[in-house]
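Read the structure below first, then the notes.
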Amino acid sequence: MTDVVVVESPAKAKTINKYLGRDFRVLASFGHVRDLPPKDGSVRPEEDFAMDWEADDRGERQVREIAQALKGARRLFLATDPDREGEAISWHVKDMLARRGALKGVEVNRITFNEITKRAIQTAIAAPRDLDTPLIEAYLARRALDYLVGFNLSPVLWRKLPGSKSAGRVQSVALRLICEREAEIEAFRAREYWTVEARFQTPTGAPFTARLTHHEGKKLEQFDLPNEAAALAAKRAVEAGRFGVVSVEKKRVRRNPPPPFTTSTLQMEASRKLGLGAQQTMRLAQQLYEGVDIAGETVGLITYMRTDGVQMAREAIFAIRDHVKESFGGDYVPGAPREYQSKAKNAQEAHEAIRPTDVTRTPEQVGPFLDDRQRRLYELIWKRAVASQMQSAELDQTTVEIADGPGKTRLRATGSVVAFDGFLRLYREDEDDRAADARAGIATAAADDDDEKTLPPMREKDPLKTGAVAATQHFTQPPPRYSEATLVKKLEELGIGRPSTYASILQVLQDRQYVRLEKRRFLPEDRGRLVTAFLESFFEKYVDYGFTAGLEEKLDDISGGRADWRAVMRAFWEDFSAAIAATTDLKISDVIDALDEELGRHFFPQKADGSDGRVCPACANGRLGLRLGRQGAFIGCSNYPECRYTRPLAVPGAEAEGAAGLNEGQREMGVDPATGQPVTLRRGPYGLYVQLGEETEQDGKKVKPRRASLTRDMNPETLDLQAALGLLSLPRVVGRDPETGEEITAGIGRFGPYVRLGNVYQSLEPGDEVLTLGMNRAMELLAKARAKVRLVGQHPKDAQPVEIRKGRFGPYALHSGMVANLPRGMEMEAATLDEVVALLAEKGKALPPRGAKGAKGKAKPASRKAAAPDGEEKPKAAPRKAAAKKAPARKPAAKKPAAKTATRKAK
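Positions in the sequence shown are counted from 1; adding 24 to them yields my numbering.
Here is the structure:
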């Protein structure tokens, strides 16, 4: 009699099955097995927030497999991830099994573990618990909130701000941060200031530099030397003076190591040091957590990567201390273990920090078994965890005050020397940050450079010899745009979102084309600024930082058992539904006026000659302003229809700027060492691509060069020759299927990057990279694709495979290019070969070529579904009324009833 264990991923199931042996059967749920259906009424506030759940085919199949495995089993262990989402998945699995009657006589236990090691798994099995009801209720509240915001706020955007895609509870607040920072930068006016520095020599001839701090007896503030004249006067005073040392102050300071990583700090550091996006970081961390193949054994290298806790297990701390002592010596081990306290307000979700499962597996040891990105991320995690238990660094800081005889002109020199490197021997944060910024072409402030200098020995009253004196001009700098790291840090400071949501929030903002990344910094698109301005004008409360953070605290109170989730939902819905209802009679003209006033300075900046940026360049007497059309916002003249001047929604001149320096159409990447041909990055009508060589002519025919498109998540600014050659070499072999031996390949097709096994294709997901996709991830993606295909058997006429596949409009049969939709009532899993063969013979049609046009020669437009922010619900567009009764041309107001109907449905 075997016990059944349910985990989330097949990779994890494979590893754990090896640890537990024959007495256990480990199955994967493949994440969530059911969700709220994307339609109105899935959450019903009028029924005290009753919720409907619906499983897709994959979820049904996985639960069916688990139910089958439970026949004759004694115990079921729900071993999904140790966080709120993991608790919810276990609850869904248990509920679906109970509805099937599969749990009769079966003992159900919940277990969690922070690392995938044999010891951790066996310990968890020995200490099971019940499902955590408060955590599940917090999940229900969060899910209901996201659904209700998505299904009610997004339709308002569609009707009142055409061209916008979606709004979300957390997504919109993050977008507001980016837009507000851009507005600060646009409003910023640089201010000039000067500094004066002098070179001195000590009596022994040792040189050093000091900065002017007092002039004419007055302490200098930042703007006290506002122009060149004032700076030169101060410079002359220094050149004319005779200086000596007034005081030498030395003090020893200690610098403590940072704590081990949480989810958010890992994303920040991986962005700064490795140039990885939040999605990429979490994908790689997931691989390290679930296990990699090391010398024939699957080994989990790090602990669970979704956490807001900084504490580590006692045995891990002592293992790290032992390793430090052995590797660096006893001086590098502090007298007592370092204890870090989590700042998380919800202790139930504050798990152990991210650390290596075994500190003796050094980056050098496991590096050969990892790809480059996995190795670098593991090294970062390993070093941070080990450094957190090392001795503090000690620095000797020296400050030397210098003055002339009267004391009216004074200068200061500062410097520091590392007396004991401590943890800095392993983990030096600031140097890595500057190097990463330099690689990305980002200027780094050097305000603290003086602190890194070493000063020569000096004593009080030492005379000094004055050397060269320099006056330097400076300008104040605008606040920097947010990077992924700084945006995550800001959201965390505000208490908005949670560690597991940050990566998806940042990705959604880019997918909606509300923002873009340039040189690792977020720039808001005009579409994003319009959405933010609209929400600030008409839904200010729901993009307010304090309100959103307060809502997160209430969710934490629910998961901590301190609040009732339905009471929290009732309080939210009462105000939110009233705000939605208030927009019913909102006129488009009101929206235009509000946006025009809010964003006028951005879209119509003053011209270089000082003239008004709103003057129409076509008719010279019209006024430019925002206009809304069916396809979204644009800029037009107030003299319409006499003047028909329009331009795309962009700041003047911005439309001429090319990405990645492609103003002239292409950029040289280098030379392919194999062929000697040049590799270029180019812009075509369908986007950016790389090209090998140039077009040639052979036998009177033109031969096109090899080309490859960039994927959506590739940054043309940072694309190098190696990556370009990788694209040109696609498709590449990832590995071989362990069952059939067939090649598994990854490539880029018409619909984006994919992984393929035989005739089974699966698109890559956000965060997957076609050039570095590994076998574990490829098998996981292919498992999803196989879930949509069922091999029924071989056709009796030609022995070719007969399949049933899941399509957009339901399951269909496929055989040798012939397709037939399954009739209603015929289940995909229950259909027999004879039934399918008869169906193909009776109703089979030839499969049209991919991308074929419709009957009138036009491709069918893609359906416009709502975009789901932060994993929030995708609302459907309200259905239009039947076109049988066409409104008269002179009565556009006839469309109003449809808008009201849409509002009722959205609610």
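Where a beta carbon is used, it is the ideal one built from N, C-alpha and C, also for glycine. Predicted model, so just to flag it, every value in this text is computed and none were measured.
Inset, instruction - Return the CA-CA distance between Val197 and Gly65, expressed in angstroms with no decimal places. - result: 26 Å
Legend entry - Thr141, buried or exposed, once every other Cβ within 10 Å from all chains shown has been counted against 16: By the neighbour-count rule (16 or more Cβ atoms within 10 Å), Thr141 is buried.
Inset, instruction - Give me the Cα-Cα distance between Arg647 and Arg215, rounded to the nearest whole angstrom. - result: 32 Å
Inset, instruction - Mind checking who Val29 pairs with in its DSSP beta bridge? - result: Val50 and Phe101
Legend entry - Residue of Pro179, Ile612 and Ala264 minimising C-alpha distance to Pro430: Ala264
Inset, instruction - Classify Glu576 as buried or exposed, calling it buried when 16 or more other Cβ atoms lie within 10 Å of its own Cβ. - result: buried
Legend entry - Residue nearest to Gln537 in terms of C-alpha spacing, selected from Pro523, Gln413, Ser524 and Val555: Val555
Inset, instruction - Give a yes or no on whether the C-beta atoms belonging to Gln291 and Val512 are separated by under 8 Å. - result: yes
Inset, instruction - Can you have a look at Thr496 and say buried or exposed, based on whether 16 or more other CB atoms are within 10 angstroms of its CB? - result: exposed
Legend entry - Coarse secondary structure for Ala698, derived from DSSP in three states: coil
Inset, instruction - Give a yes or no on contact between the stretch 255 to 275 and the stretch 420 to 427, applying the rule of three or more CB pairs nearer than 8 Å. - result: Contact between the stretch 255 to 275 and the stretch 420 to 427 is present, because at least three Cβ pairs lie under 8 Å.
Legend entry - Cβ-Cβ distance between Thr422 and Leu479 below 8 Å: Against a cut-off of 8 Å, the Cβ pair of Leu479 and Thr422 comes out as a contact.
Legend entry - Span of the beta strand (DSSP E), counted from its first residue to its last, around Lys726: Following the DSSP letters along the chain, one finds Lys726 inside the beta strand (DSSP E) bounded by residues Lys725 to Val727.
Legend entry - Run of the beta strand (DSSP E) containing Asn133, from where it starts to where it stops: Glu131 to Arg134
Legend entry - Proximity to Thr26 [Cα-Cα], best of Pro629, Leu100, Arg399 and Lys36: Leu100
Inset, instruction - Please work out which residues of its chain come closer than 6 Å, Cβ to Cβ, to Pro502, disregarding the five sequence neighbours upstream and downstream, and give them in chain order. - result: Ile209 and Phe212.
Inset, instruction - Quick one: residues in its chain with C-beta nearer than 6 Å to the C-beta of Asp581, no 5 flanking neighbours on either side, listed in chain order? - result: Ala587
Legend entry - Close Cβ partners of Val493 (< 8 Å) along its chain, the five nearest in sequence each way excluded: Correct list, in chain order: Val220, Glu221, Ala222, Arg223, Lys259, Val262 and Glu263.
Legend entry - Span of the alpha helix (DSSP H) around Val390: Note, Val390: alpha helix (DSSP H), Pro387 to Val390.
Inset, instruction - Please state whether DSSP places Gln372 in a helix, a strand or coil. - result: Caution is warranted here: a pLDDT of 42 is assigned to Gln372, below 50, making its placement in the model unreliable, and no coordinate value can be reported.
Legend entry - Nearest-angstrom Cα separation, counted from Tyr778 out to Ala642: Rounded to the nearest angstrom, the gap between the Cα atoms of Ala642 and Tyr778 is 48 Å.
Inset, instruction - On the DSSP bridge assignment, give the partners of Phe232 in chain order. - result: Phe224
Inset, instruction - Select from Thr322, Gly868 and Tyr526 the residue whose C-alpha is nearest the C-alpha of Leu838. - result: Here the closest residue by C-alpha is Gly868.
Legend entry - Length of the line joining the Cα atoms of Ala467 and Glu804: The predicted position of Ala467 is uncertain, since its pLDDT is 39 and thus under 50; a value taken from the coordinates is nonetheless stated next. Cα to Cα, Ala467 sits roughly 41 Å from Glu804.
Legend entry - Length-filtered (4 minimum) alpha helix (DSSP H) runs lying within the stretch 185 to 218: 195 to 211
Inset, instruction - State yes or no: is the C-beta of Pro106 within less than 8 Å of the C-beta of Thr136? - result: yes
Inset, instruction - In the DSSP assignment, find the beta strand (DSSP E) that holds Met292 and state where it starts and stops. - result: Unbroken run through Met292 is the alpha helix (DSSP H), Thr287 to Glu293; no beta strand (DSSP E).
Legend entry - Among Ser190, Arg730 and Lys184, the one whose alpha carbon lies nearest that of Ser178: Ser190
Legend entry - Three or more C-beta pairs below 8 Å linking the stretch 354 to 361 and the stretch 319 to 332: no
Legend entry - Endpoints, the beta strand (DSSP E) within which Ile520 is located: That residue, Ile520, is in no beta strand (DSSP E); it is neither H nor E in DSSP.
Inset, instruction - Starting from the Cα of Glu793, find the closest Cα among Gln92, Gly750, Arg134 and Ala811 and give me that residue. - result: The residue among Gln92, Gly750, Arg134 and Ala811 with its C-alpha nearest the C-alpha of Glu793 is Gly750.
Inset, instruction - Report yes if the CB atom of Ala162 is closer than 8 Å to the CB atom of Gln303, and no otherwise. - result: Result no, Cβ atoms of Ala162 and Gln303 do not sit closer than 8 Å.
Legend entry - Cutoff 7 Å; reference His239; Cβ partners in own chain excluding five residues on either side: Ala258, Ala261 and Thr433
Inset, instruction - Determine the DSSP secondary structure at Ile582, reduced to helix, strand or coil. - result: helix
Legend entry - For Tyr778: DSSP bridge partner residues: Gly771 and Ser787
Inset, instruction - Sort out for me which residues DSSP pairs Ile378 with in a bridge. - result: Phe285, per the DSSP bridge assignment.
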